[in-house]
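In my numbering, the protein residues as written are 5 to 205.
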Amino acid sequence: MHKLTRADLMSLETYAEKRAAYRAEVMAHKRHRRVPLGPNATLYFEDRVTMQYQIQEVLRIEKIFDADAIDEELAAYNPLIPDGGNWKATFMLEFEDEAERRRALAGLIGVERAVWIQVGGRDKCRPVANEDLSRETEDKTSAVHFLRFELSPESAAEAKAGAAIHIGVDHPNYTHAAYQLPAAVAESLVADLAADPAAPA
(Lines of atoms letter the chains of each structure in order from A and count residues from 1; the text may use other names and numbers.)
(Lines give C-alpha, C1' and ligand atoms only; values in the text may rest on other atoms or scores of the structure.)
Protein backbone atom coordinates (compact mmCIF):
# COMPACT_ATOMS: atom_id res chain seq x y z
CA MET A 1 0.00 0.00 0.00
CA HIS A 2 1.62 3.24 -1.15
CA LYS A 3 2.54 5.80 1.49
CA LEU A 4 0.98 9.24 1.48
CA THR A 5 2.70 12.33 0.10
CA ARG A 6 1.82 16.01 0.18
CA ALA A 7 0.30 15.59 -3.29
CA ASP A 8 -2.34 13.29 -1.80
CA LEU A 9 -3.56 15.88 0.69
CA MET A 10 -6.18 18.58 0.23
CA SER A 11 -5.36 22.18 1.05
CA LEU A 12 -6.99 23.60 4.17
CA GLU A 13 -9.47 25.52 2.04
CA THR A 14 -10.44 22.52 -0.10
CA TYR A 15 -10.70 20.29 2.95
CA ALA A 16 -13.02 22.76 4.68
CA GLU A 17 -15.32 22.66 1.65
CA LYS A 18 -15.34 18.88 1.31
CA ARG A 19 -14.94 17.78 4.93
CA ALA A 20 -18.55 16.80 5.68
CA ALA A 21 -18.93 14.48 2.71
CA TYR A 22 -15.37 13.19 3.01
CA ARG A 23 -15.80 12.47 6.72
CA ALA A 24 -19.00 10.51 6.08
CA GLU A 25 -17.17 8.33 3.54
CA VAL A 26 -14.29 7.68 5.92
CA MET A 27 -16.61 6.82 8.83
CA ALA A 28 -18.39 4.28 6.63
CA HIS A 29 -15.00 2.81 5.70
CA LYS A 30 -13.87 2.67 9.33
CA ARG A 31 -16.94 0.70 10.42
CA HIS A 32 -15.42 -2.33 8.70
CA ARG A 33 -12.02 -1.76 10.31
CA ARG A 34 -13.14 -1.86 13.96
CA VAL A 35 -12.92 -5.08 15.99
CA PRO A 36 -14.11 -5.11 19.63
CA LEU A 37 -12.28 -7.46 22.00
CA GLY A 38 -14.50 -7.85 25.01
CA PRO A 39 -16.11 -4.90 26.79
CA ASN A 40 -13.06 -2.68 27.22
CA ALA A 41 -10.70 -3.21 24.28
CA THR A 42 -10.96 -2.42 20.59
CA LEU A 43 -8.68 -2.85 17.59
CA TYR A 44 -8.94 -0.14 14.95
CA PHE A 45 -7.18 -1.40 11.83
CA GLU A 46 -5.45 1.40 9.97
CA ASP A 47 -4.85 1.86 6.26
CA ARG A 48 -4.19 4.59 3.75
CA VAL A 49 -7.75 5.94 4.02
CA THR A 50 -7.77 6.19 7.81
CA MET A 51 -4.32 7.77 7.90
CA GLN A 52 -5.13 10.35 5.25
CA TYR A 53 -8.20 11.35 7.24
CA GLN A 54 -6.15 11.56 10.45
CA ILE A 55 -3.55 13.78 8.79
CA GLN A 56 -6.19 16.03 7.21
CA GLU A 57 -7.82 16.48 10.61
CA VAL A 58 -4.53 17.35 12.30
CA LEU A 59 -3.73 19.90 9.60
CA ARG A 60 -7.20 21.41 9.97
CA ILE A 61 -7.14 21.60 13.77
CA GLU A 62 -3.57 22.88 13.99
CA LYS A 63 -3.98 25.09 10.90
CA ILE A 64 -0.81 23.63 9.38
CA PHE A 65 0.08 24.69 5.86
CA ASP A 66 3.89 24.88 6.00
CA ALA A 67 5.47 22.19 3.78
CA ASP A 68 8.01 21.05 6.39
CA ALA A 69 5.35 20.76 9.07
CA ILE A 70 3.14 18.73 6.71
CA ASP A 71 6.08 16.44 6.00
CA GLU A 72 6.47 15.91 9.75
CA GLU A 73 2.86 14.74 9.99
CA LEU A 74 3.34 12.43 7.02
CA ALA A 75 6.43 10.95 8.67
CA ALA A 76 4.47 10.37 11.88
CA TYR A 77 1.44 8.66 10.31
CA ASN A 78 2.81 6.85 7.24
CA PRO A 79 4.32 4.04 9.37
CA LEU A 80 0.77 3.04 10.34
CA ILE A 81 -0.13 2.21 6.73
CA PRO A 82 0.17 -1.56 6.04
CA ASP A 83 3.09 -2.68 3.89
CA GLY A 84 1.36 -5.45 1.93
CA GLY A 85 2.26 -8.37 4.17
CA ASN A 86 0.99 -7.12 7.51
CA TRP A 87 -1.92 -5.55 9.35
CA LYS A 88 -1.49 -2.46 11.50
CA ALA A 89 -3.88 -1.40 14.21
CA THR A 90 -4.47 1.05 17.01
CA PHE A 91 -5.34 -0.91 20.16
CA MET A 92 -7.43 1.03 22.66
CA LEU A 93 -8.41 0.20 26.22
CA GLU A 94 -11.56 2.10 27.12
CA PHE A 95 -13.10 2.59 30.58
CA GLU A 96 -15.73 5.24 31.29
CA ASP A 97 -14.89 5.65 34.97
CA GLU A 98 -11.52 7.29 35.61
CA ALA A 99 -10.84 5.40 38.85
CA GLU A 100 -11.70 2.10 37.20
CA ARG A 101 -9.46 3.02 34.29
CA ARG A 102 -6.47 3.62 36.57
CA ARG A 103 -7.01 0.31 38.38
CA ALA A 104 -7.46 -1.62 35.15
CA LEU A 105 -4.37 -0.20 33.42
CA ALA A 106 -2.29 -1.14 36.47
CA GLY A 107 -3.36 -4.76 36.01
CA LEU A 108 -3.02 -4.91 32.24
CA ILE A 109 0.71 -4.44 31.73
CA GLY A 110 1.68 -6.39 28.61
CA VAL A 111 -1.87 -6.76 27.31
CA GLU A 112 -0.91 -5.36 23.90
CA ARG A 113 1.46 -8.31 23.41
CA ALA A 114 -1.31 -10.75 24.38
CA VAL A 115 -3.45 -9.89 21.35
CA TRP A 116 -3.36 -12.44 18.53
CA ILE A 117 -4.68 -13.05 15.04
CA GLN A 118 -5.13 -16.51 13.54
CA VAL A 119 -5.84 -17.21 9.88
CA GLY A 120 -7.45 -20.57 9.26
CA GLY A 121 -5.54 -23.25 11.14
CA ARG A 122 -2.21 -21.42 11.03
CA ASP A 123 -0.22 -20.46 14.10
CA LYS A 124 -1.38 -17.40 15.98
CA CYS A 125 0.33 -14.19 14.94
CA ARG A 126 1.39 -11.96 17.84
CA PRO A 127 2.01 -8.27 17.23
CA VAL A 128 5.08 -6.13 17.32
CA ALA A 129 3.90 -3.40 19.67
CA ASN A 130 4.74 0.27 20.01
CA GLU A 131 7.73 0.47 17.71
CA ASP A 132 7.95 4.24 18.10
CA LEU A 133 8.21 4.32 21.91
CA SER A 134 7.37 2.32 25.02
CA ARG A 135 3.87 2.82 26.34
CA GLU A 136 4.11 1.06 29.67
CA THR A 137 5.83 1.63 33.00
CA GLU A 138 6.44 -0.63 35.98
CA ASP A 139 3.09 0.54 37.37
CA LYS A 140 0.69 0.60 34.43
CA THR A 141 0.17 0.31 30.72
CA SER A 142 -1.15 2.93 28.33
CA ALA A 143 -4.73 3.11 27.10
CA VAL A 144 -3.47 3.34 23.50
CA HIS A 145 -1.02 1.05 21.68
CA PHE A 146 0.09 0.67 18.07
CA LEU A 147 0.39 -2.89 16.78
CA ARG A 148 1.88 -4.50 13.68
CA PHE A 149 0.84 -8.05 12.82
CA GLU A 150 3.45 -9.46 10.45
CA LEU A 151 1.78 -12.33 8.61
CA SER A 152 3.56 -15.39 7.31
CA PRO A 153 3.24 -15.84 3.52
CA GLU A 154 1.05 -18.87 4.20
CA SER A 155 -1.32 -16.95 6.47
CA ALA A 156 -1.54 -14.08 3.97
CA ALA A 157 -2.32 -16.50 1.15
CA GLU A 158 -5.02 -18.26 3.18
CA ALA A 159 -6.60 -14.95 4.17
CA LYS A 160 -6.80 -13.92 0.52
CA ALA A 161 -8.28 -17.32 -0.31
CA GLY A 162 -11.12 -16.69 2.16
CA ALA A 163 -9.96 -18.57 5.26
CA ALA A 164 -11.62 -17.58 8.55
CA ILE A 165 -9.79 -14.92 10.54
CA HIS A 166 -10.01 -15.08 14.32
CA ILE A 167 -8.83 -12.51 16.82
CA GLY A 168 -8.44 -12.80 20.55
CA VAL A 169 -6.55 -11.64 23.62
CA ASP A 170 -5.23 -13.89 26.36
CA HIS A 171 -3.80 -11.65 29.06
CA PRO A 172 -4.22 -13.17 32.58
CA ASN A 173 -6.43 -10.23 33.58
CA TYR A 174 -8.23 -9.80 30.26
CA THR A 175 -8.97 -12.93 28.27
CA HIS A 176 -11.61 -13.23 25.58
CA ALA A 177 -12.39 -16.12 23.31
CA ALA A 178 -11.50 -16.15 19.64
CA TYR A 179 -13.48 -13.64 17.65
CA GLN A 180 -14.16 -14.56 14.02
CA LEU A 181 -14.23 -11.50 11.86
CA PRO A 182 -17.46 -10.74 10.00
CA ALA A 183 -17.17 -11.09 6.23
CA ALA A 184 -17.13 -7.31 5.60
CA VAL A 185 -14.31 -6.76 8.10
CA ALA A 186 -12.28 -9.69 6.77
CA GLU A 187 -12.73 -8.39 3.21
CA SER A 188 -11.50 -4.95 4.24
CA LEU A 189 -8.40 -6.39 5.90
CA VAL A 190 -7.62 -8.70 3.01
CA ALA A 191 -7.53 -5.61 0.79
CA ASP A 192 -4.44 -4.52 2.78
CA LEU A 193 -2.47 -7.51 1.52
CA ALA A 194 -0.42 -7.20 -1.64
CA ALA A 195 -0.82 -9.74 -4.44
CA ASP A 196 2.72 -10.78 -3.57
CA PRO A 197 3.41 -10.06 0.14
CA ALA A 198 7.14 -10.07 -0.58
CA ALA A 199 6.77 -7.30 -3.15
CA PRO A 200 6.68 -3.62 -2.15
CA ALA A 201 3.16 -2.30 -1.64
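Positions of the beta carbon are idealized from the N, C-alpha and C atoms, including for glycine.
Small disclaimer: the values here were computed from a predicted structure and weren't measured.
Ranked by Cα distance from Ser156, the options Glu140, Glu135, Gly125 are led by Gly125. Pairing Arg37 with Ser192 gives a Cβ-Cβ distance under 7 Å.
Under the three-state reduction of DSSP, Leu193 is assigned to helix. The segment 11 to 20 and the segment 43 to 51 do not touch, with fewer than 3 CB-CB distances between them shorter than 8 Å. In the three-state reduction of the DSSP assignment, Arg139 falls in the coil class.
The C-beta distance from Glu50 to Ile85 rounds to 7 Å, short enough to fall under 8 Å. Segment contact: the segment 89 to 96 against the segment 144 to 154, three or more CB-CB distances shorter than 8 Å; contact assigned. Non-local C-beta neighbours of Ile113 in its own chain, meaning closer than 6 Å and more than five positions away in sequence, comprise Glu140, Thr145, ordered along the chain.
For Val115 against Tyr178, the beta-carbon gap comes to about 6 Å, under 8 Å, which counts as contact. Taken through DSSP and simplified to helix, strand or coil, Leu155 comes out as coil.
Asn134 and Arg117 have their C-alpha atoms spaced approximately 10 Å apart. In the same chain as Asp143, and ignoring 5 residues on each side of it, the C-beta atoms closer than 7 Å to its own belong to Ala110, in chain order. In this structure Val194 is in contact with Lys164, their Cβ atoms being roughly 6 Å apart against a cut-off of 8 Å. Secondary structure at Pro43: coil, using DSSP grouped into helix, strand and coil. Following the DSSP letters along the chain, one finds Lys128 in no alpha helix (DSSP H), marked with neither H nor E. For Leu97, the enclosing beta strand (DSSP E) stretches over residues 90 to 97. Secondary structure of Asp101 (DSSP, three-state): coil.
A distance of 7 Å or more separates the beta carbons of Phe69 and Leu8. Assignment of Asp87 by DSSP, reduced to helix, strand and coil, places it in the coil class.
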